[in-house]
Amino acid sequence: MTDSDVAISTFERIGGSATIDRLVERFYDRMDTLAEARTIRAMHAADLGAIKDVLKRYLTEWTGGPKLYSVEKGHPRLRQRHIGFAIGDAERDAWMLCMRGALEETVADAAARHDLDRALSGLADWMRNRP
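Quick note on this note's numbering: the sequence shown kicks off at -6 and runs consecutively.
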């Protein structure tokens, strides 16, 4: 097997845990400061520490890194976990605004950033539970 036969995970492409940590921190910093994110910020606890840790573990596993999320939480069941929150187009768009800014700031590989944006956009769109 040659080096070109080995698939490199998105987790590795973006720089691993250090990048995931920075991404999540910048994502929530943006949520805390952008007026456009006020509605989705209100859906979170005042202390973001626990949810930051959950998102870091989820994104680590989701991008092909170590299985840090499912060993503790099981299957993500994202829609079920978010069903108590009204998520429509505006909430999806606010979430993506925060995430896109965080991606721009933390993921140097433009192709990986584009791939993540596309995948996260699809995920955010799927999470909508109201018109």
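C-beta atoms are modelled at their ideal positions from N, C-alpha and C, and glycine is treated no differently.
Note that the coordinates shown come from a computational prediction; the quantities given were computed from them, not determined experimentally.
Query: Same chain, Cβ closer than 6 Å to Gly15, neighbours up to 5 away in sequence not counted; Result: Per the sequence shown, the amino acid found at residue 15 is Arg instead of Gly. Excluding positions up to five away in sequence, the list reads Thr99.
Query: For His107, the three-state DSSP class (helix, strand or coil); Result: helix
Query: Residue environment, Glu97, which counts as buried when at least 16 other CB atoms sit within 10 Å; Result: exposed
Query: Nearest-angstrom Cβ-Cβ length linking Gly57 and Thr12, presumed shorter than 8 Å; Result: Not really, about 13 Å apart at Cβ, beyond 8 Å.
Query: Rounded Cβ spacing between Ala87 and Glu29 (contact assumed at less than 8 Å); Result: 5 Å
Query: Cβ-based neighbour list, Phe78, same chain, cut-off 6 Å, excluding 5 preceding and 5 following; Result: Met36
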